[in-house]
Amino acid sequence: MDTRRRAVLTATTAGAAALVAGCGSSGGGDGDTGSSPASSPSATDGDTGGTELARTSDIPVGGGTIFKDRKIVVTQPEEGEFKAFSAVCTHAGCLVTKVADGTIDCPCHGSKYSITDAAVEAGPATRPLPAEKITVSGGSIRTA
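Basically the numbering used here = 1-based index in the sequence shown + 1273.
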């Protein structure tokens, strides 16, 4: 019986060690890949203007456009005024899917954010969408 107990303890210890090794810290462990150069190359490396998202003419006045692949929404609340926000809802992490009637809308639970400053217009979200940095020059909207 003593031999079996030792075998179980050894197997348990080895399994725990494998589990810990599998949870290594190479990715940060919190799901945030934005700080890891290997998993998220910088869009501005070698290009001071960043990656072009759209032409200014592509963003409707009083509305906006969602760039799902970049998880960014760009709005134009008034002619020539461009804003950018995260497209990830602050309530449950869903991607927003619509910009209409002055709001950025999340389909998951109905949260709505202002196209002007991303303030919550309708919950359940309680925090605004975080701002994203963009540059607007020569009719081009680029990540900053």
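Just so you know, even glycine gets a beta-carbon here, dropped at the ideal spot from N, CA and C. All figures in this text were calculated on a predicted structure; none of them were measured in a lab.
Between Ile1345 and Glu1394, the C-beta spacing is not below 8 Å.
Following the DSSP letters along the chain, one finds Ala1327 inside the beta strand (DSSP E) bounded by residues 1325–1328. In the pairwise beta carbon analysis, the region 1367–1382 is classified as touching the region 1332–1345: at least three pairs are separated by under 8 Å. According to the DSSP assignment, Val1409 belongs to the beta strand (DSSP E) that extends over 1407–1410. Only exposed fits Thr1324, as fewer than 16 other CB atoms lie within 10 angstroms of its CB. The shortest C-alpha to C-alpha distance from Asp1378 to any of Phe1355, Glu1351, Leu1402 is the one to Leu1402.
Looking from the CA of Gln1349, the closest CA among Pro1333, Ala1360, Lys1385 belongs to Pro1333.
For Arg1415, the uninterrupted beta strand (DSSP E) run begins and ends at 1413–1416, by DSSP. Beta-bridge pairing by DSSP links Lys1341 to no other residue. Scanning the region 1361–1411 for uninterrupted beta strand (DSSP E) segments of 3 residues or longer gives 1371–1373, 1376–1378, 1385–1387, 1393–1395, 1407–1410, listed from N- to C-terminal end. Per DSSP, the continuous beta strand (DSSP E) segment holding Glu1354 begins and ends at 1354–1359. In the DSSP secondary-structure assignment, Val1334 is not bridged to any residue.
In this structure, Ser1387 sits near Thr1376, with a CB-CB distance shorter than 8 Å.
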